[in-house]
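Okay, structure first, notes after.
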Ligand code: GLA
């Protein structure tokens, strides 16, 4: 995959306590012999590889002189394994051969003995399946005769690269003796936090032993109040873990911002220690009110003559009934589910009032449909499969997340897109060249019907190149056919990802025209369809796409490379958007990539986001200020209370969905405090005060720096509460990498 080497993921919480750390005496495997091609005899220890090239291990071969090579290759890594490695180990059970990640498939041998295989090769019965996110962590019994102690050993790795970068990457390969601590993990899902009455919270620690041996050790934990700067609890617990067992411990603490938990586990036999730190996920969004409230977009674009459908997102105690005052001719509303359907034949602005009632009351809100050429008049809110399932997405996984989108009420807050990313395409087109889904998607039209009947829009992914970034079929030379096929499945949104189209562009200095050509082709095909398809350009911001995205009729365009769930990635992407403010407007959005909260993983093994709660508040606040699409990239079926609370703050979402469609401007960047201001339709302003320091920091907003004066009313948006009138300036303590998001009104301009 083109940018998968950027995804320095997974080294997260999982790594902290499940054995990714190297043990004493480990041997780094820094280079190997390398050749492209494939021959089974290369696995054999006796083979002479002196003519092969040297490769650094841990970096894709594209960075080592094999620029355009995709396909088979072999590494032969020579290493002397000293018997002292075993002799000095506390636990002498198993040798570990750690090869980090492999793009995309590997089969690994030690001295001719096969010790592991991850992914499948094109010649395998299942066909090619990339498993690059999986870690190659192979274990062998220390008494295995394949190991030649104190002699030259050959680790031979057969690799297949299906596209993008290839080879052993994203980590440093090594050999060591496994220790019992490598089998110990602390699972850290946010759902193991319990929010108790009386402002208390409990953290349930699941400590597991994944090995078939008893392990003993000490859990030493402290709970720290980072705002008060004091330790509030400290304890050592002796534990004995039977083979393959799990134990739970509960740690209680106050439920508030700034509570940090540090846990050490010291394994008795080896005296090895692993440390685990966590900030307590604290809830800021108040509980949803039982009285009706209408959420989501206030503005909606449709082309005259296209099928119209929009579900009114509303919260409140069920059952709710829906009604629309001034509903234009051609449209009807379903009173029971709020689905507005029909057709508008004439261009123009149609203003109406949405009304939602329940037994406790009613709520009204204005809503404008603009029948014209522009779609996505507010940034798309919904879900995309990539940051979660990667290429392992399936119909069942999409449906399970769609059900969760409904059951957990996200639809009621306006999350109305379900977008399938890469990995849905079959290996071959049908005989008439029509694109067909693979076996994981038995019925695309059926999936679309299911989503539509629930008011959810249906998105799909392709590339203008012959291959997608994941190595699947792209739309190259089949653009017309593909656009028509998508329309026949009921597709409402297309993410069009450059990927292998770069083969047709000059390697260096590609022109604006080279960059636009593939997007023009698909633009013209989408235009011909009798349904509206939102056009999402994905080419990583090349050639300042924000300047010409509107000409492509793009509704949104990625402005950067791929995001990952780390602060450095969030920081690099999110805070670099300032120069793009002027390019956002209704129907034309800068897209700093999808959300990285909840259970993410780019494949089958998901992990909780590595962002701290402070960083997650920053993420959602900043994206809302930026008028960015909010596409959830997590397993919604596993949504924990914190993430749900984070994603369902209607006042925050309203900032994102504000009909004025402005993108926030950065008005201050000093001493690692940044202030971003977004003008809102009602004349008020949303202000994000971000603290990029590593500690709690007091930040002051001076109204005059924002061009404001007067007695200014301040509202805390996350807590949805008024903070009163502030004259001259406003000061608040902001968490590390965190945000204080406010809305101001009642000001005069200076
Ligand atoms: C690229 C895109 C990602 C995702 C993958 C799919 O890397 O930038 O968002 O769509 O391709 O392979």
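Residue numbers (our numbering): 1250 to 1999.
Built from N, CA and C at the ideal position, the CB exists for glycine as well.
Notebook entry, point to check: Three-state secondary structure (DSSP) at residue 1695?
Noted result: Note: residue 1695 maps to helix in three-state DSSP.
Notebook entry, point to check: Between which two residues does the beta strand (DSSP E) harbouring residue 1748 extend?
Noted result: Residue 1748 -> no beta strand (DSSP E), and no H or E assigned at all.
Note to self: Quick test of the definition: if touching needs 3 or more C-beta pairs under 8 Å, does the segment 1399-1418 touch the segment 1321-1337?
What the structure shows: The segment 1399-1418 is in contact with the segment 1321-1337.
Next item on the list: Give the C-beta separation of residue 1861 and residue 1939 to the nearest angstrom, bearing in mind that I take them to be a contact with Cβ-Cβ under 8 Å.
Entry: Contact flag wrong, Cβ pair sits at about 14 Å.
Check: If you follow the alpha helix (DSSP H) that residue 1556 is part of, which residue opens it and which one closes it?
Finding: Counting along the chain, residue 1556 falls outside any alpha helix (DSSP H), though it belongs to the beta strand (DSSP E) covering 1556-1560.
Note to self: So, with DSSP's three-state summary, where would you put residue 1637?
What the structure shows: Helix at residue 1637.
Check: Going by DSSP, what residues sit across from residue 1477 in a beta bridge?
Finding: For residue 1477, which the question treats as bridged, DSSP gives no partner whatsoever.
Item checked: Rounded Cβ spacing between residue 1301 and residue 1284 (contact assumed at less than 8 Å) -> Sure, about 5 Å apart at Cβ, within 8 Å.
Note to self: How far does the alpha helix (DSSP H) with residue 1570 in it extend, from its first residue to its last?
What the structure shows: That residue, residue 1570, is in no alpha helix (DSSP H); its beta strand (DSSP E) goes 1570-1574.
Margin query: For the pair the segment 1624-1632 and the segment 1502-1516, tell me if three or more CB-CB distances fall below 8 Å.
Written below: Look at the beta carbons and you see the segment 1624-1632 not touching the segment 1502-1516: under three pairs across the two are nearer than 8 Å.
Check: Mind checking whether residue 1282 and residue 1321 have CB atoms under 8 Å apart?
Finding: No, the Cβ-Cβ distance between residue 1282 and residue 1321 is not below 8 Å.
Margin query: Please determine whether the Cβ atom of residue 1719 lies at a distance below 7 Å from any heavy atom of ligand 1.
Written below: Answer for residue 1719: yes, Cβ within range of ligand 1.
Check: Which first and last residues belong to the beta strand (DSSP E) in which residue 1286 is found?
Finding: Premise fails: residue 1286 is in no beta strand (DSSP E) and is neither H nor E.
Next item on the list: Pull up the distance between the alpha-carbon of residue 1688 and that of residue 1317, whole angstroms please.
Entry: So the two alpha carbons sit approximately 30 Å from each other.
Notebook entry, point to check: Is any heavy atom of ligand 1 found at a distance shorter than 7 Å from the C-beta of residue 1787?
Noted result: At least one heavy atom of ligand 1 lies less than 7 Å from the C-beta of residue 1787.
Next item on the list: Just list the beta strand (DSSP E) runs in the segment 1761-1837, keeping only unbroken ones of 3 residues or longer that don't cross its boundaries, in chain order.
Entry: DSSP runs (the beta strand (DSSP E)) wholly in the segment 1761-1837: 1783-1787, 1805-1807.
Note to self: Alpha carbons only, please: which of 1653, 1604, 1419, 1662 is nearest the one belonging to residue 1889?
What the structure shows: The closest CA to that of residue 1889, considering only 1653, 1604, 1419, 1662, is found on 1653.
Margin query: Less than 8 Å between the beta carbons of residue 1556 and residue 1596, yes or no?
Written below: Annotated as distal: residue 1556 and residue 1596, with beta-carbon spacing of 8 Å or more.
Item checked: residue 1620, buried or exposed, once every other Cβ within 10 Å from all chains shown has been counted against 16 -> Residue 1620 counts as buried, since no fewer than 16 other beta carbons sit within 10 angstroms of its beta carbon.
Item checked: residue 1909 to residue 1839 span [Cα, whole Å] -> Answer to the nearest angstrom: the Cα atoms are 15 Å apart.
Checklist line | Same chain only: Cβ atoms within 7 Å of residue 1551, ignoring 5 sequence neighbours per side | finding: Excluding residues within five positions, the ones whose Cβ falls inside 7 Å are 1557, 1593, 1618, 1620, 1781.
Check: From residue 1816 to residue 1395, what distance separates their C-alpha atoms?
Finding: Residue 1816 and residue 1395: Cα-Cα distance of roughly 43 Å.
Checklist line | Residue from 1843, 1433, 1349, 1357 with nearest C-alpha to residue 1468 | finding: Here the closest residue by C-alpha is 1433.
Check: Can you tell which of 1967, 1969, 1951, 1813 has the C-alpha that lies nearest to the C-alpha of residue 1961?
Finding: Comparing Cα-Cα distances from residue 1961 to each of 1967, 1969, 1951, 1813, the minimum goes to 1951.
Next item on the list: Look up residue 1503 in the DSSP assignment and say whether it is helix, strand or coil.
Entry: If DSSP states are grouped into helix, strand and coil, residue 1503 belongs with the strands.
Check: Which runs of the beta strand (DSSP E) fall wholly inside the segment 1605-1637 and span at least 3 residues, in chain order?
Finding: Fully enclosed beta strand (DSSP E) runs of 3 or longer: 1610-1620, 1630-1633.
Margin query: Tell me the DSSP secondary structure of residue 1373 in three-state form.
Written below: Coil at residue 1373, not helix or strand.
Margin query: Could you compute how far the alpha carbon of residue 1707 sits from the alpha carbon of residue 1701?
Written below: Each residue's Cα considered, the two are about 7 Å apart.
Check: Roughly how many angstroms lie between the CA atoms of residue 1341 and residue 1727, to the nearest whole one?
Finding: Straight through space, the alpha carbons of residue 1727 and residue 1341 are spaced by roughly 58 Å.
Margin query: For residue 1767 and residue 1809, which I take to be in contact (beta-carbon distance under 8 Å), what is that distance rounded to the nearest angstrom?
Written below: Contact between residue 1767 and residue 1809 does not hold, since the beta-carbon distance rounds to 19 Å and is not under 8 Å.
Check: Which residue spans inside the segment 1660-1716 form an unbroken beta strand (DSSP E) run of at least 3?
Finding: Counting whole runs of 3 or more residues, the segment 1660-1716 contains the beta strand (DSSP E) stretches 1666-1668, 1706-1711.
Notebook entry, point to check: How far does the beta strand (DSSP E) with residue 1928 in it reach, from first residue to last?
Noted result: Its beta strand (DSSP E) spans residues 1922-1928.
Notebook entry, point to check: How about residue 1840: is its Cβ closer than 7 Å to a heavy atom in ligand 1?
Noted result: In this structure, residue 1840 has its CB at a distance of at least 7 Å from all heavy atoms of ligand 1.
Next item on the list: Name the two residues that bound the continuous alpha helix (DSSP H) containing residue 1652.
Entry: Taken as a continuous stretch (DSSP letters only), the alpha helix (DSSP H) holding residue 1652 covers 1644-1656.
Notebook entry, point to check: According to the neighbour-count rule (16 or more other Cβ atoms, all chains shown, within 10 Å of its Cβ), is residue 1777 buried or exposed?
Noted result: Looking at its Cβ environment, which holds fewer than 16 other Cβ atoms inside 10 Å, residue 1777 is exposed.
Next item on the list: In angstroms with no decimal places, state the Cα-to-Cα distance between residue 1335 and residue 1362.
Entry: Inter-residue distance for residue 1335 and residue 1362 is about 20 Å (C-alpha atoms, whole angstroms).
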